[in-house]
Structure formats: structure tokens, C-alpha cells
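Engineer: Heads up, the sequence shown is in the working numbering, so the first residue is 19 and it goes up one at a time.
Heads up, the beta-carbon is just placed ideally off N, CA and C, and yes, glycines get one too.
I have a structure here, written as C-alpha cells, and I will follow up with some questions on it.
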Amino acid sequence: MDNIRIVGGATLAGTVRISGSKNAALPILAAALLADGEHVFRNVPNLRDVDTMTKLLERLGANAVYRDGRVEVSLSGSLDPTAPYDLVKQMRASVLVLGPLVARCGRAIVSLPGGCAIGARPIDQHLKGLSAMGAEVELTHGYVEVTVPGGRLRGSDIALDFPTHTGTENLMCAAVLAKGRTTINNAAREPEVEELARVLNKMGARIEGAGTSAIAIEGVDALHPIDHAIIPDRIEAGTFMVAAAATAGNLFLEGIGFEPLEAVIVKLREAGATVEREGNGIRVVGARPIYPTDVITQPHPGFPTDMQAQFMVLMSLAEGTSRITETVFENRFMHVSELNRMGANIQVNARTATVHGVKRLEGAEVMATDLRASASLVVAGLIAEGTTDVRRVYHLDRGYDQFEMKLAPLGATIERVPGNA
Ligand code: UD1
Numbered sequence: 019m020d021n022i023r024i025v026g027g028a029t030l031a032g033t034v035r036i037s038g039s040k041n042a043a044l045p046i047l048a049a050a051l052l053a054d055g056e057h058v059f060r061n062v063p064n065l066r067d068v069d070t071m072t073k074l075l076e077r078l079g080a081n082a083v084y085r086d087g088r089v090e091v092s093l094s095g096s097l098d099p100t101a102p103y104d105l106v107k108q109m110r111a112s113v114l115v116l117g118p119l120v121a122r123c124g125r126a127i128v129s130l131p132g133g134c135a136i137g138a139r140p141i142d143q144h145l146k147g148l149s150a151m152g153a154e155v156e157l158t159h160g161y162v163e164v165t166v167p168g169g170r171l172r173g174s175d176i177a178l179d180f181p182t183h184t185g186t187e188n189l190m191c192a193a194v195l196a197k198g199r200t201t202i203n204n205a206a207r208e209p210e211v212e213e214l215a216r217v218l219n220k221m222g223a224r225i226e227g228a229g230t231s232a233i234a235i236e237g238v239d240a241l242h243p244i245d246h247a248i249i250p251d252r253i254e255a256g257t258f259m260v261a262a263a264a265t266a267g268n269l270f271l272e273g274i275g276f277e278p279l280e281a282v283i284v285k286l287r288e289a290g291a292t293v294e295r296e297g298n299g300i301r302v303v304g305a306r307p308i309y310p311t312d313v314i315t316q317p318h319p320g321f322p323t324d325m326q327a328q329f330m331v332l333m334s335l336a337e338g339t340s341r342i343t344e345t346v347f348e349n350r351f352m353h354v355s356e357l358n359r360m361g362a363n364i365q366v367n368a369r370t371a372t373v374h375g376v377k378r379l380e381g382a383e384v385m386a387t388d389l390r391a392s393a394s395l396v397v398a399g400l401i402a403e404g405t406t407d408v409r410r411v412y413h414l415d416r417g418y419d420q421f422e423m424k425l426a427p428l429g430a431t432i433e434r435v436p437g438n439a
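Quick look at the structure:
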């Protein structure tokens, strides 16, 4: 397994182009199952999770090919509505095929994702919504089997207990081909949900209100394939923003707007960084001292849980004490012990991490435990004295498009070391 080796101390400077959004690409690729014909998706990031999704689409009976930022998905004929454990266990977002399969085939058998490193992550809200639309749900042998008597879902009023992101996406996809009108209340408001609705509407769906907490979907009889370019990745952009702030650097992030990152930008400014709109992107200039800043993660438009680990690295060098509270996932502080091994001073009590700023971090061998934790360890490596080896880098490859190749031209001393070296 590869490692990422970083020699810390560089001040990042230059321009970085932001890739297409992982969390938009995955539901959009799954949504291609809703229409026969040839779809083309552009600006698709080159990621292991995208590879897993294309493999899953192939297993279900589609043709799906990734080439140079483009995925072509074509469907004709019948689908095998079974998402097997070997793929679902690699990527929890595989569950995103559930809604499209139930809508399309009147049936889906999807392996339960099970626990993962950042918490239990059940899918009860996805299933509750499908049941409200008339589906029968059975759990057998680690699989969830969803069957729609009569084959077609019917529109229904759904109220989510929590604005689950992929749950909202699954239910939107299920409802677009249902008979009648569906409303999803307490829906997730993430930009990727809005993007999925844009894609579905382009395919012929009738969705209103995506991006707000009340989504209304008027079911239609059929959808058609489309050609679509995917929005930029706000979490990749946020990660580069933190890297600029932490290294007292000066980065221009090309191709990303302010709006999806407002909560992160507010906190970066509180921490002392300058963040400005510029042309078709955002400029971030880091400064010293770094001011301590409290953060509470929330569903969008709050501070994203997917930026919590990276922001904690910045706070580890602040002049004073910050409190970082994680409310979205129950177990998302595994990076803390690795950061403490690098000289950070962080204590976790229940859902809050108290970060006492230190003067410097030291390079160390560290282990990535999940996707965003691995990005945080790379950022920590950039600011640490000496060499940091980040192990289990496959987590990083799940969600960052050529991270080290993008950092190197900005001045980072960073390389990928093959696992057996
Ligand atoms: C998505 C994102 C992920 C991000 C997360 C929160 C994708 C592919 N992944 O994950 O990057 O970190 O949103 O912004 O878009 N929950 C339930 N029951 C459910 C569904 C969720 O209890 O049926 C709980 C989860 O355990 C978790 C919380 O709700 O504690 C948030 O989960 P959710 O919003 O569903 O996250 P994902 O959609 O899995």
C-alpha cells in the first residue's frame, strides 16, 4: 500500500484548479440508472470512489467507462437490481443506487453498508421514505430487500428525522418516477443535493425546492439521458484553503465559487486568513498569528463535518484554545491521536475536541483512518518540522483527485512512496 511522504515547512503559493465534486458525481452516476440511452458526464474527478461506482453500475447491467474526466454510462435492456457486499463495503455511497433501482425496477437488493470508521451510519431514514412511498422493506442476510407491490412507487409526504444527505438524494431519485407528488421535509440542503435535482430535471424530472429543506417532486413516466458537467468539489477547495492558511501561503483556487463555502470562509477569516473572491475563483492568504476559533459542525449551510479534521490542524497552531464540536457523526475524531503524536495538544470529551494551540508540529509516521482524516494528516505534514509519512493512503485516493500532484507545484515537498519501498 502506498504512503505519502511530506517534508514540512513549505509556504504554498500558486494556482490550483479544483476538480469535480465527488459527492455530486456519485449520486449523479447512480441516477443514470433512471434512463435508458447514453449519458455523458464531464468534469468527473479521478477517484477510487468514482471507480467503485462505475464498477457497481456495470455489475447492475449498465456500461460505464471513465476516461479523462468523462464518464459515459449507457443502459439498454434490463438491470440486475443487486448491489453486492464486495462493492458496498468499499464505499458506503454505493447505497445511492437504492433509490434509482427501486424506481426503475420496482425492486432492489442492496448490501447493508454496515459500520464504518466514522460511526454507525444507518440507512433507516432512506428506508422509512421508501416505505412511505409504498415499498416493502425486508432485512435478510446482511442485505436490504426493497420490493414495490405493483412495480411503481406512489408519491407521499415524507418527513426526515435528520436531514440525511444521501438519504435525501435516494428519495429524490425514487420519487421522480413515482405516481403522483412526493414532498421531502427536513431535506438535506447541500449543494450536491441541488446539483442532483438539476441533473434529474435536465433528464425530464419535475423537482422544486432542492437546496431548501422542503423538496417537492411531481412523478413522471420516463426520463431521458443527458450530457452534464459536474460542479466543483467544495471540500477539496476547502482543504486547499486550510492548507494555504496553515502554511501562511497564498493560493488561488480556480473554478470554485464563494457560496458553497461560506461557513468555512467565515471561520478562516476568524482565524486570521484573508479570503477574497477573484475572477473565477477564490484567493486565500494565510497569516500569523492564527487566532483560536470555535467550530460546530452542522448539516449545510453550517460548517461541514467533511472540513472538521482539516480545520483542526489549523487550530493546532493557533495562539490559544479552540473548541471543535462534531454534531453530525458520533465518532469522527480518530485523527486526534495521530495529530497528538505529531505534537498537537488536543483533548476529546464526548463530541467536543479542545485544541490548545502549540508552537509547532513535528513530522511522524501516521495512519490515515478515513478520507478527511487522511487529508488533515497531509496538511499537518505540510506544516510540521521534518518528515511525515502518511500510511493507508488509499483513503485519500477515494476522495482527492491527485492530491500530492496538485500540492507539489505549489511548493510542497511531497511524494508518493510505493508500499513496498
Ligand atoms: C454524506 C456525504 C459525506 C458527508 C455527510 C455529512 C456523500 C457520498 N457523502 O454522507 O461526505 O460527511 O453526508 O455531510 O455525499 N443517519 C441516520 N439514518 C439515516 C441516514 C443517516 O441515522 O438513514 C445519520 C448518520 O449516522 C450520521 C448522520 O445521520 O450520523 C449524517 O449522515 P448523512 O447525512 O446520511 O451522511 P451521508 O449521506 O452518509
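1. Quick check: what's the CA-CA separation for SER92 versus ALA49?
2. Going by DSSP in three states, GLN108 sits in which element: helix, strand or coil?
3. As an exercise, report each continuous beta strand (DSSP E) stretch of at least 3 residues that is fully enclosed by the region 123-201, in chain order.
4. Starting from HIS353, follow the alpha helix (DSSP H) in both directions and report where the run begins and ends.
5. Thinking C-alpha only, which one of LEU214, ASN188, ARG287 and THR323 is nearest ILE253?
6. Have a look at GLU212 and ARG60 and give me their C-alpha separation to the nearest angstrom.
7. Going along the chain, which residues of its own chain have a beta-carbon closer than 7 Å to the beta-carbon of ALA439, five neighbours each way excluded?
8. When the Cα atoms are used, what is the spatial distance from ILE127 to ARG434?
9. For GLY95, which of helix, strand or coil comes out of DSSP?
10. DSSP has LEU271 in a bridge; who is on the other side?
11. If we count the other Cβ atoms within 10 Å of its Cβ and call it buried at 16 or more, is MET360 buried or exposed?
12. Would you list the residues sitting across from ALA234 in a DSSP beta bridge?
13. With a 10 Å radius around its C-beta and 16 neighbouring C-beta atoms as the bar for buried, classify LYS377 as buried or exposed.
14. Measure the C-alpha to C-alpha separation of PHE258 and PHE329 and round it to an integer number of angstroms.
15. Kindly indicate which residue of GLU208, GLU380, LEU171 and GLN108 has the alpha-carbon position closest to the one of SER39.
16. In three-state DSSP terms, what is TYR103?
17. Would you decide whether LEU279 is buried or exposed? Buried here means 16 or more other CB atoms lie within 10 Å of its CB.
18. From which residue to which residue does the beta strand (DSSP E) around ARG434 run?
19. Closer than 6 Å to a non-hydrogen atom of the ligand PLP - does that hold for the CB of ILE24?
20. Could you give the distance in angstroms between the alpha-carbon of PRO317 and the alpha-carbon of LEU148?
21. Return the CA-CA distance between GLY404 and GLY275, expressed in angstroms with no decimal places.
22. Excluding the 5 residues flanking VAL346 on each side, which residues of the same chain have their C-beta closer than 6 Å to its C-beta?
23. Three or more beta-carbon pairs under 8 Å between the region 97-109 and the region 66-86, yes or no?
24. VAL164: buried (16+ other C-beta within 10 angstroms of its C-beta) or exposed?
25. Mind checking which residues open and close the alpha helix (DSSP H) that includes MET423?
26. Can you give the Cα-Cα distance for VAL217 and ILE364, rounded to whole angstroms?
27. Less than 8 Å between the CB atoms is what I'm expecting for VAL442 and ARG122, so what's the real figure, rounded?
28. Are there three or more Cβ pairs, one per stretch, closer than 8 Å when the region 153-160 is compared with the region 228-246?
29. Are the beta-carbon atoms belonging to ALA196 and GLY237 less than 7 Å from one another?
30. Run through DSSP, which three-state label would ASN349 get?
31. Going by C-alpha distance, which of ALA193, GLN326, ILE202 and THR158 is nearest ALA177?
32. For LEU428, which residues from the same chain have a beta carbon less than 7 Å from its beta carbon, with the 5 sequence-adjacent residues on both sides left out?
33. List the endpoints of the continuous alpha helix (DSSP H) containing MET333.
34. Excluding five sequence neighbours on each side, which residues of the same chain lie with their C-beta closer than 6 Å to the C-beta of ILE432?
Structural biologist: So, from the listed chains and residues:
1. 12 Å
2. Secondary structure of GLN108 (DSSP, three-state): coil.
3. If we require 3 residues or more, the beta strand (DSSP E) runs fully inside the region 123-201 come out as 125-129, 154-158, 161-165 and 175-177.
4. HIS353 -> alpha helix (DSSP H) spans 353-359.
5. THR323
6. 17 Å
7. Annotation note: pLDDT 49 at ALA439 (below 50); position unreliable, coordinate value reported separately. Only residues of its own chain outside the window of five on either side were considered, and among them none has a CB closer than 7 Å to the CB of ALA439.
8. 38 Å
9. coil
10. Paired residue(s): VAL34 and ILE300.
11. buried
12. Paired residues: THR201 and GLU226.
13. With fewer than 16 other Cβ atoms within 10 Å, it is exposed.
14. 11 Å
15. GLU208
16. helix
17. The residue in question, LEU279, is buried, as its Cβ has 16 or more Cβ neighbours within 10 Å.
18. 431-435
19. Inclusion of the ligand PLP in the displayed structure is not the case, the ligand content consisting of the ligand UD1 alone.
20. 22 Å
21. 35 Å
22. THR315 and THR323
23. yes
24. buried
25. 421-425
26. 42 Å
27. No answer is possible for residue 442: it lies beyond the span of the chain, which begins at 19 and ends at 439.
28. Below 8 Å, too few C-beta pairs join the region 153-160 and the region 228-246 to call them touching: fewer than three.
29. yes
30. coil
31. ILE202
32. LEU30, ALA31, GLY32, VAL34 and LEU269
33. 326-333
34. Contacts found: ILE24, GLU422, LEU425 and ALA426.
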